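In the working numbering, the protein residues as written are 78 to 1066.
Every residue, glycine too, gets a C-beta built ideally from N, C-alpha and C.
In this text, all values refer to a predicted model and were calculated from it rather than measured experimentally.
Working notes, beginning with the structure itself.
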Amino acid sequence: MKKIIIFLVLATLCLFTTLQSQGQITVTGQVRSQSNGQPLAGATVSISGTTLSITTAENGTFTIRQVPPQGTLQISYTGYLTAIRPFSAVKNKLHITLEDKDNALEEVKINAGYYSVKDKERTGTIVKIDAKTIANQPVSNPLAALQGRVAGLIITQRNGLPGSDFNVQLRGRSSIQSGTSPLYLIDGIPFPSETLAQNSAIFANSPLNTINPADIESIEILKDADATAIYGSRGANGVILITTKKGKEGGIAADFRLSGGIGSVTKTLELMNTQEYLQMRREAFVNDKVSPTNANAPDLLLWDNNRYQNFPELLTGGTSKTQNAQLRLSGGNNSTTYAFSANYYRETTVFPGDNGLARKDASINLNHRSPNKKFSFNLSGSYGISQNNLYATDLTGSVTTVPNAPTVYDGDEKLVWVDQGVSFANPFAGLLRTNSFKGSRFNGNFVMGYQFIKGLEFKISTGINTNNINQTSLTPIAAQNPASSPTGFASFADNLVENFSVEPQVNYTLKTKSSGEISFLVGSTFQGTSSRGTFTSASGYTNDLLIGSIAGALTKDPTNTVSEYRYQAFFGRVNYNLHSKYLINLTGRRDGSSRFGPGRQFANFGAIGAAWVFSQEEFIKEKLGFLSFGKIRGSYGITGNDQINNYQYLDSYLPTTAYGGQSGLFSTRLFNENYGWENNIKLEGNLELGFINDRLRMNVGWFRNISDNQLVSYSLPGQTGFSSVLQNLDAKIENQGFEFEVNTVNFRTNQFNWSTSANLTIARNKLLAFPGLAASSYATTYFIGLPLNTVQGYQYTGISPQTGAYQFQDSNGDGLITIADYQKLGTSDPSFYGGISNTFQYKGLSLDVFFQFCKQKGTDPVYGSAALVGSRVNVLKVLIDRWTPENPDAQYQAYSQASSGPINTSRLLIRTSSASFADASFIRLKNLAISYSLPYQLISKIKIKSAKIFLQGQNLWTISPYKITDPESQSITALPPLRMGTIGIQLML
């Protein structure tokens, strides 16, 4: 906290020491688009013949001081024709409009982290998602804004709870057991992506959910060796760069955004109603030749047979509500700019009650460049706190409660546990079992640079981020059946993760006599991560008023963990650019990681990238005039992977008092100091084309990544005293595929614009080699020549006409179905996936429509359900189509309530069979955004620079053969991603 206070004080002092400039006159104005009247933020406004140059603020305004009495303004902006505007002692505000142009490729800047490059001159594969795309989506986590929009990137939301975690994979699974998550950087500082919770089964504590999407200027996804090699082993699985918004030159600008929305489940589970359920139960007893009794069938004999409680609707049929308020202030002059933002966000769940997430955060940014342009610095910081009050379990798992179960509350609004002398598990008890996460996050970054001579610059970047979470999980007495004389129990956890990073670097750019340009980058990285955690299990509470106190527990069992990680690297980059036509990029890096033993900590990695912009050749210009841009590029490189736990190369021990109450230590892990880095070899080729002045742009890429020297926990014989040991295996994994991107300007006039963008990925994962696989413990899990995510199971052959049970292929004819009958059914990896977006603009009206699609297979929830159809658990309505002598062609087997016999046996086998491995493909209307900007002539009368009303929707409509539940989550026990709708207003003052 002391570091945070010092940082914020420093930022505040810097903010209010902005130098006031004196000049002859001051020129102010606003820049807007001619086609739709929207203000253009970031347009460059310069005065010809001088060094005076600024960029427009969020609302398109600018202010230039120390201006000669007369001169000429030059206004440029990506995607628009440059405008020239003379001025002479102007006193009134200038209103400037820019005309759209089709060819925007020349000026687009791509951020590669350590350097930036024009899009047309890059040699690596980098995809940029801009602030507008992010702002059009009603999401609280930046990762949700990337779903379906980036070729090669698969993002899956774990559930529909506020603060949900996400699974992220870039270009396939490249490791058997080590981490496959990309490296996340926020303003150049590493940021954790994995949940910090120590005890949770609801997966709703993503650290990235603490980042306000409205503060993000852009997200760059770095894929290939050329783009990621400079990050060394940290970028082995790709890099995701998040850049926050900075201040813009001009007078102070205020941007206020207010929105509210609602959400609901995309598809409520259709379970049997009471009469259907009771019919199923009675038939199950008849099939089993067992008579119902009060003990085994209270739902049939004791409970009200006319009572119906729709538990899917009661537990998950509510409405989630969101509230979002954002204020952003920015301004400055041509030397110093500043920005400040504050945000409040709240989201509830669809469960009963008003539990949910509340987040408050603020950020500050200050940029300064000396008048001689030699010295510069950037100071940025953000702080956020969040409170996520959820239940200890996902209540979706309780929707299968018997529909005629006792009423959940009595007349005194207390939970009912017994009806007609029979106890039952009240599903609403989950409302009293709470799980609270209180988190805080601080990000701070300071970058300082000095240009000694033209082309030679020294820069140092330092940053810290801290993520702290306090977790309290409570199960009070009131949440348990009093018949068992329960006591309350709870757990308390604290986890603090601190990251620091220091990166000095030197950049030198030299223009050669041959009109080429060569640049050098040399630097180093010093990174450290410290983790500290405590966990206390408390039990024996006799009074629910004391359950939040550790001291009030009868029994306490505390544990703590401490972990340190250190990373050091030296890197260099050489880039040669000849006439913006021939490009080559060389990168080298030496990495050191504390996760390896002595002599194994350092490794060398590097990459080469090259590109030929063949559309610059004269013969191409002469012969292929319709081709406005053409580039062939490729890259090759090697990176490493150290995403394993700390201290694996050391023996580890835990304390014990097992020996007569005497303190001692026992070993928990067998050490191995000889393992080393995993290697990831990346090869890529790419063709970029632009036609008709880039109104049609295409990008076709092929990649092949091979990772070897795999780090795995190798199984050991029991007599060693340990189950496994970490070591390198000479196993090779290949990820290969094609990526396609298309961007078109279909229609463009002064009144109406229509553009389309689409991406498609076709990729395959394969295990190329695994020496000794047949004799290892992985012999039944992985297979040479097949994907790592190969699914195995029994071959379903139909329903037995004698027993009404599912049948499976018996490979050896012995009459028994065992694991020896397993067959390879396919892979759960997608065959292809992508998205398509259409943007329409008519005057001040804008419409964005985005569809996401995926061709994949997954687990059929009907067959994959653990329920024995016929037991005292409600089941899906489709199971009405069950086998009977009168319905021999039914889709599902006969009912049974017995825990033994052929029906129960086949129930277990069907869950891992070809029948349950079903088509889970989908096409989803992922995002719909409509906005209307009020005419400037109208709002200027009330001193508002711009006003916009917007409607946004997420997960609105899904087409899929996967009928029962959501094809993304593929679970009937986890809340699926919600359908969200938002309405709001944005004002610029």
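Cβ-based neighbour list, M1065, same chain, cut-off 6 Å, excluding 5 preceding and 5 following: N136, D332, K1022, S1023
Buried or exposed (CB count within 10 angstroms, at least 16 for buried), I1019: exposed
Element boundaries [beta strand (DSSP E), containing A840]: In the DSSP annotation of this structure, the continuous segment of the beta strand (DSSP E) that includes A840 starts and ends at 829–846.
Beta-carbon spacing of G340, S251 below 7 Å: It is not a contact, given that the beta carbons lie outside the stated cut-off.
Cβ pair E818, N842 closer than 7 Å: no
Segments assigned beta strand (DSSP E), at least 3 residues, entirely inside the region 499–533: At a cut-off of 3 residues, the continuous stretches assigned as beta strand (DSSP E) that sit fully inside the region 499–533 are 511–530.
CA-to-CA distance, Q918 to Q151, given in whole angstroms: It is roughly 27 Å from the alpha-carbon of Q151 to the alpha-carbon of Q918.
Bridge partners - R774, DSSP secondary structure assignment: G767, N820
Three-state class that DSSP yields for K437 in the structure shown: When DSSP states are grouped into helix, strand and coil, K437 belongs to the strand group.
Buried versus exposed call for A374 [16 or more other C-beta atoms within 10 Å across all chains shown]: buried
Residue(s) in a DSSP beta bridge with Q582: K536, G600
Residue environment, E699, which counts as buried when at least 16 other CB atoms sit within 10 Å: exposed
Cβ shell of D807 (< 6 Å), same chain only, five flanking positions each side left out: P848
Residue-level contact to chain D via CB, Q403, 7 Å cutoff: As a matter of chain content, chain D is missing from the structure shown, which is built from one protein chain.
Terminal residues of the alpha helix (DSSP H) in which I987 lies: 979–987
Other residues of its chain near T478: CB distance less than 7 Å, five sequence neighbours each side excluded: Its chain contains F388, P504, N951 as the residues whose beta carbon lies nearer than 7 Å to that of T478, once the 5 sequence neighbours on both sides are disregarded; these appear in chain order.
Proximity winner among A361, P269, N410, L392, relative to L377 (alpha-carbon distances): A361
Heavy atom of the ligand ADP within 6 Å of V868 beta-carbon: This structure lacks the ligand ADP, and indeed carries no ligand of any kind.
Segments assigned beta strand (DSSP E), at least 3 residues, entirely inside the region 276–359: 293–299, 316–321, 327–342
Whether V476 touches V342 by CB criterion (7 Å): no
Reference I253, options L845, Q974, S744, S1048, closest by Cα: Taking only the C-alpha atoms, the option nearest I253 is L845.
S853 to V789 span [Cα, whole Å]: For S853 and V789, the distance between alpha carbons rounds to 12 Å.
Whole-angstrom distance between V599 and G532, CA atom to CA atom: 14 Å
Supposed close pair T602, Y644 - CB separation, criterion 8 Å: Confirmed, about 7 Å.
CB contact flag (Q929, R1001, <7 Å): yes
S834 beta carbon less than 7 Å from that of S914: yes
Beta-carbon gap between T399 and G338 smaller than 7 Å: yes
Cβ separation of L655 and S591, assumed to be a contact under 8 Å, to the nearest whole Å: A Cβ-Cβ separation of about 7 Å places L655 in contact with S591 under the 8 Å criterion.
Alpha helix (DSSP H) segment containing Y940, residue limits: Following the DSSP letters along the chain, one finds Y940 inside the alpha helix (DSSP H) bounded by residues 938–941.
Helix, strand or coil at S854 [DSSP, three-state]: coil
Nonlocal neighbours in the same chain, by C-beta distance under 8 Å from A228, ignoring five residues either side: V204, G778, E816, F817, E818, N836, L837, T838, G911
Residue span of the beta strand (DSSP E) that contains Q1031, given as start and end: 1023–1036
Best match in L238, N723, I758 for proximity to T473 [C-alpha to C-alpha]: L238
Inter-residue spacing [alpha-carbon to alpha-carbon] between N751 and R666: Taking the straight line joining both Cα atoms gives about 22 Å.
Cβ-based burial, V316 [other Cβ within 10 Å; buried from 16]: Under this definition V316 is a buried residue.
Own chain partners of A615 with C-beta closer than 6 Å, once the 5 adjacent residues on each side are dropped: A567, I627, A630, K633
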